[in-house]
Amino acid sequence: MKKFVSIKDIPSLPEWVEEAINIKKQPLAHKELGANKTIGLLFFNPSLRTRLSTQKAARNLGMDVIVMNFNKEGWALEFEDGSVMNASTSEHIKEGAAVISQYCDIVAVRAFASLEDKEKDEAETVLNSFVKHASVPVVNMESATAHPLQALADAITLEEQKKVQKPKVVLSWAPHPKALPHAVANSFVEMIKMTEAEFVITHPQGYELDPEITQGVDIEYDQEKAFENADFIYTKNWSSYTDYGKILNTEANWTVTGEKMKLTNQGAFMHCLPVRRNVVVSDEVLDEGNSLVLEQANNRTYAAQLVLKKILENAD
Ligand code: CP
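Position one of the sequence shown corresponds to residue 42 (my numbering), numbered consecutively onward.
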C-alpha cells in the first residue's frame, strides 16, 4: 500500500477488520516492523484522538514519531503552482513536502474543509498536494471530504459489537452550534456500503450529503421513524452540502435522547468524538445508555496500526 487517503483504498474491508481485531489482541506483535522508520504527523487542525492514537499505533510498530502543528508552528505553505509568493505564504508545498520526505518514511496529514469554497474543498488541495509532492506514502488523518481512519475504526467497532449478521445501522444528523465538515459522515457512508447492513440516513431537509456518496442509500427525514428497531445509531453533525457550509436552522430538536433511543432495538449509540453533550446527545445516553464512543476511540489505535503495518510491509 502506497497511500491511504480513502476508505476505498482498502481492498477487502472484512479481511482488514479481522486483521485489526487480531492486532488488538497482540498490539506489540509487529514491534520490529517499524524499527528505524519515522512517521511525521502534520496537523493543520486540532485533534485529540487522531494525534494520540496514531502516535500510539506507530510506537506499537516500533516507529519514531515526529508531530508538527503546521498552522501554529510551520511556515505558511503555498499550494498554487506558478504563484508569485509576495503575500502571506512563505514556503511552497514542492519544497515543503520534499524536505519532510527526507525526514520521514510515512507522512500523515490532517487538513479540514474550509467550508467556504466547495470546489476547492473537493479538490483536496492540501492532502493531494502532499500525495503529489511527497516521495513517501501519505496517510489521511481527516481531509476536507474524508476521514477513513475513523471509518475503519467504526467498522471494527461494528463488527465487534453486532449481534446479528445484518444489523440496522442509522446515521443520524444532530444539531451543533458551529458549521462542521462532511468528512466523517462521507467516510462512514462509504464504509457501511462495503459491509452487510440495513442502512438508513436521517437528517432534516436541506442536509443531504453529496449525492454521489449517498447514491442508493435510504434517506428518512423523520428521525424517530428511522430509529425504529435500529441496532446502531451513529450520530454526527454536518453543515449543508447544497447550501455549502451553512447552518440552515430549519431543524426542530434532533438531539439524540434516551427517549429516542427507546425506539431502537436496544441499539447502541456511536459518535466519533469530540461530542457536545446535551446538544448532539443527552447526558443520559452517554452516561447510562448503551454508548460505544470509548470503544470507537480505542479502536482508532488499531485502525491506524493496521494502515501503517500495510504500508510498512510494502515499503521498498
Ligand atoms: N474523531 C476524531 O478524529 O477525533 P479528533 O478530532 O480528536 O482527532
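Glycine included, each C-beta is placed from N, C-alpha and C at the ideal position.
Keep in mind that this is a model prediction, so the values were computed, not measured.
For D105, DSSP records a beta bridge to T79. A distance below 7 Å separates the beta carbons of F268 and L304. Residue environment for R318: exposed (fewer than 16 other C-beta atoms within 10 angstroms of its C-beta).
For L327, the CB stays at least 6 Å from every heavy atom of the ligand CP. Of the heavy atoms belonging to the ligand CP, none sits nearer than 6 Å to the Cβ of L221.
Here the alpha carbon of E300 sits roughly 45 Å from the alpha carbon of M42.
Per DSSP, the unbroken alpha helix (DSSP H) holding K66 starts and ends at L54 to K66.
In this structure, the alpha-carbon of N339 lies about 22 Å from that of A152. Under the criterion of beta carbons closer than 8 Å, F45 and F84 do not qualify as touching, at roughly 17 Å.
Non-local C-beta neighbours of L221 in its own chain, meaning closer than 7 Å and more than five positions away in sequence, comprise N278, W279 and S280, ordered along the chain. The segment 206–217 and the segment 229–241 touch, with no fewer than 3 CB-CB distances between them shorter than 8 Å.
When only Cα atoms are considered, L353 and S170 end up about 22 Å apart. In the three-state reduction of the DSSP assignment, L335 falls in the helix class. Rounded to the nearest whole angstrom, the C-alpha separation of A98 and R92 is 10 Å. Remark: three or more beta-carbon pairs, one from each stretch, lie closer than 8 Å, so the segment 130–144 and the segment 107–122 are flagged as touching. Taking 7 Å as the cut-off, the beta carbon of A76 is found closer than this to the beta carbon of G103. Put simply, the backbone Cα of K173 is about 10 Å away from that of V167. With a minimum length of 3 residues, the unbroken runs of beta strand (DSSP E) contained wholly in the segment 154–218 fall at 179–181 and 209–214. With contact defined as three or more Cβ pairs closer than 8 Å, the segment 248–263 and the segment 188–201 are not in contact. Taking all protein chains in view, the Cβ of P87 is surrounded by fewer than 16 other Cβ atoms within 10 Å, so the residue is classified as exposed. If you look at T243, you'll find it in the beta strand (DSSP E) that goes E239 to T243.
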